[in-house]
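Undergrad: Residue numbers (this note's numbering): 113 to 400. What follows is a structure written as structure tokens; I'll ask about it next.
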Ligand code: SF4
């Protein structure tokens with residue numbers, strides 16, 4: 113990667129704005145905060161309910177390839193355990209249904225993992241592995257490394273896409289430049305090591321229509337971390353108020369989103385969030 117000189121330290125960047133906060137709010141995990149920013153009602157409902165519908169393999173494939181990479185980075189250079197972990201994960205997540213066979217999914221996952229492991233080998237050769245799937249504060253980045261060339265910190269997050277049309281690839285990659293979770297990792301890992309993270313990085317494995325694995329760096333600067341933190345702290349204030357009893361408020365801007373209707377649309381706009389009525393269209397989490 114073409115890495116410019118390191119920026120100033122986080123603490124020097126005035127990223128905390130004490131004039132706007134009577135106290136520092138508690139910090140919430142990135143995924144939960146993302147859900148809250150999307151819509152506080154969504155965050156609340158999706159913790160308790162999930163829409164009924166056919167099983168989709170996306171999550172199982174993503175978890176399986178992530179597991180393979182995790183095992184590889186924990187045992188650098190050993191492919192065998194990574195393949196085994198990937199396959200075992202897929203077998204345990206698979207749900208019998210007519211659309212997807214386990215054998216077919218194993219082949220898809222194997223094609224993706226092969227390319228992802230080739231990239232992982234390059235990372236292992238050029239970077240020191242510092243943390244693999246370990247908790248850092250309230251988050252758990254997939255991989256934290258330090259460049260052997262210039263000593264800079266890099267946080268890598270793996271994603272898997274079952275299908276990504278090449279026409280939409282650039283747009284998709286561009287979205288991670290301002291991805292909330294990536295900035296949370298940059299901030300928190302910087303706090304943990306006492307020095308700024310220089311790059312966040314996406315390792316995106318695409319399984320169809322053509323299998324590919326992409327490693328895309330995003331520049332982190334202290335000023336942008338500071339900017340991100342202002343928004344995050346405001347969200348955490350709101351989440352904390354809900355933890356203390358305030359009801360979650362809807363955000364109608366998110367009822368129809370980029371990928372269509374919100375999964376909780378019927379719950380909110382047809383069933384008035386009535387738990388009894390919701391049982392017809394939603395499953396209560398933890399009830400099966
Ligand atoms: S349907 Fe709208 S109000 Fe309901 S959870 Fe989704 S985004 Fe929020």
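Just so you know, even glycine gets a beta-carbon here, dropped at the ideal spot from N, CA and C.
Helix, strand or coil, according to DSSP, for residue 320 in the structure here?
TA: By one-based count along the chain shown, residue 320 stands at place 208. Residue 320 falls in the coil class under three-state DSSP.
Undergrad: Does the pairing of the stretch 354-369 with the stretch 327-338 give three or more beta-carbon distances under 8 Å?
TA: Not touching, per the Cβ criterion.
Undergrad: In or out: residue 325 buried (at least 16 other Cβ within 10 Å) or exposed?
TA: Residue numbering aside, residue 325 sits at position 213 when the chain shown is read from its first letter. Per the 10 Å Cβ criterion, buried.
Undergrad: Rounded to the nearest angstrom, what separates residue 255 and residue 382 at their Cα positions?
TA: Taking the chain shown and counting its residues from 1, one reaches residue 255 at position 143. Taking the chain shown and counting its residues from 1, one reaches residue 382 at position 270. The straight-line gap from Cα to Cα measures roughly 42 Å.
Undergrad: Can you have a look at residue 394 and say buried or exposed, based on whether 16 or more other CB atoms are within 10 angstroms of its CB?
TA: If you number the chain shown from 1, residue 394 lands on position 282. So residue 394 counts as buried.
Undergrad: Let me know if residue 334 comes out buried or exposed under the rule of 16 or more other beta-carbons within 10 Å of its beta-carbon.
TA: Start at 1 with the first residue of the chain shown, and residue 334 comes out as number 222. So residue 334 ends up on the buried side.
Undergrad: For the beta strand (DSSP E) containing residue 204, name the first residue and the last one.
TA: On the chain shown, residue 204 is found 92 positions in, with the first residue counted as 1. Note, residue 204: premise wrong, no beta strand (DSSP E); alpha helix (DSSP H) at 191-205.
Undergrad: Would you tell me roughly how many angstroms separate the C-alpha atoms of residue 269 and residue 250, rounded to the nearest one?
TA: Walking along the chain shown from the start, residue 269 turns up at place 157. Walking along the chain shown from the start, residue 250 turns up at place 138. Straight-line Cα distance between these residues: approximately 16 Å.
Undergrad: Provide the residue span of the alpha helix (DSSP H) that contains residue 378, from first to last.
TA: Stepping through the chain shown from its first residue, residue 378 is reached at position 266. Residues 377-381.
Undergrad: Is the separation between the beta-carbon of residue 218 and that of residue 202 shorter than 8 Å?
TA: The sequence position of residue 218 within the chain shown is 106, counting from 1. The sequence position of residue 202 within the chain shown is 90, counting from 1. Taking 8 Å as the Cβ cut-off, residue 218 and residue 202 qualify as a contacting pair.
Undergrad: On the premise that residue 238 lies in contact with residue 261, defined as a C-beta separation below 8 Å, what is that separation, rounded to the nearest angstrom?
TA: In the chain shown, residue 261 corresponds to position 149, counting from 1. In the chain shown, residue 238 corresponds to position 126, counting from 1. That pair is a contact at about 7 Å.
Undergrad: Looking only at its own chain, which residues have a Cβ that is under 7 Å from the Cβ of residue 221, when we skip the five neighbours before and after it?
TA: On the chain shown, residue 221 is found 109 positions in, with the first residue counted as 1. Cβ within range, chain order: 173, 176, 177, 198, 202.
Undergrad: Which residue from 158, 146, 147, 138 puts its Cα closest to that of residue 379?
TA: Counting from 1 along the chain shown, the entry for residue 379 is found at position 267. Here the closest residue by C-alpha is 158.
Undergrad: In whole angstroms, give me the CA-to-CA distance for residue 146 and residue 339.
TA: Sequence index remark: in the chain shown, residue 146 carries index 34 (1-based). Sequence index remark: in the chain shown, residue 339 carries index 227 (1-based). Using only the alpha carbons, I get a separation of about 16 Å.
Undergrad: Span of the beta strand (DSSP E) holding residue 394?
TA: Here the question's residue 394 lines up with position 282 in the chain shown. Run containing residue 394: 394-396, per the beta strand (DSSP E) assignment.
Undergrad: Can you grab the Cα-Cα spacing for the pair residue 349 / residue 150, in whole Å?
TA: Your numbering for residue 349 matches position 237 in the chain shown. Your numbering for residue 150 matches position 38 in the chain shown. Roughly 15 Å between the two C-alpha positions.
Undergrad: Buried or exposed: which applies to residue 322, given that a residue is buried once 16 or more other Cβ atoms fall within 10 Å of its Cβ?
TA: In the chain shown, residue 322 corresponds to position 210, counting from 1. Exposed is the call here.
Undergrad: Over the uninterrupted beta strand (DSSP E) stretch that includes residue 76, give me the two end residues.
TA: Shown here, the chain extends from 113 to 400; a query on residue 76 therefore has no answer.
Undergrad: Shorter than 7 Å, the distance from the beta carbon of residue 393 to the closest heavy atom of the ligand SF4, or not?
TA: Walking along the chain shown from the start, residue 393 turns up at place 281. No - the ligand SF4 has no heavy atom lying nearer than 7 Å to the Cβ of residue 393.
Undergrad: Report back the beta-carbon spacing between residue 267 and residue 312 to the nearest angstrom; my notes put them in contact at under 8 Å.
TA: Along the chain shown, read from residue 1 onward, the residue named residue 267 stands at position 155. Along the chain shown, read from residue 1 onward, the residue named residue 312 stands at position 200. That pair is a contact at about 5 Å.
Undergrad: With hydrogens ignored, establish whether the beta-carbon of residue 390 is closer than 7 Å to any heavy atom of the ligand SF4.
TA: The residue you call residue 390 lines up with position 278 of the chain shown. Answer for residue 390: no, Cβ out of range of the ligand SF4.
Undergrad: Which residues in the same chain as residue 183 place their Cβ atom closer than 7 Å to its Cβ, once the five residues preceding and following it in sequence are excluded?
TA: In the chain shown, residue 183 corresponds to position 71, counting from 1. Here the set comprises 193, 194, 197.
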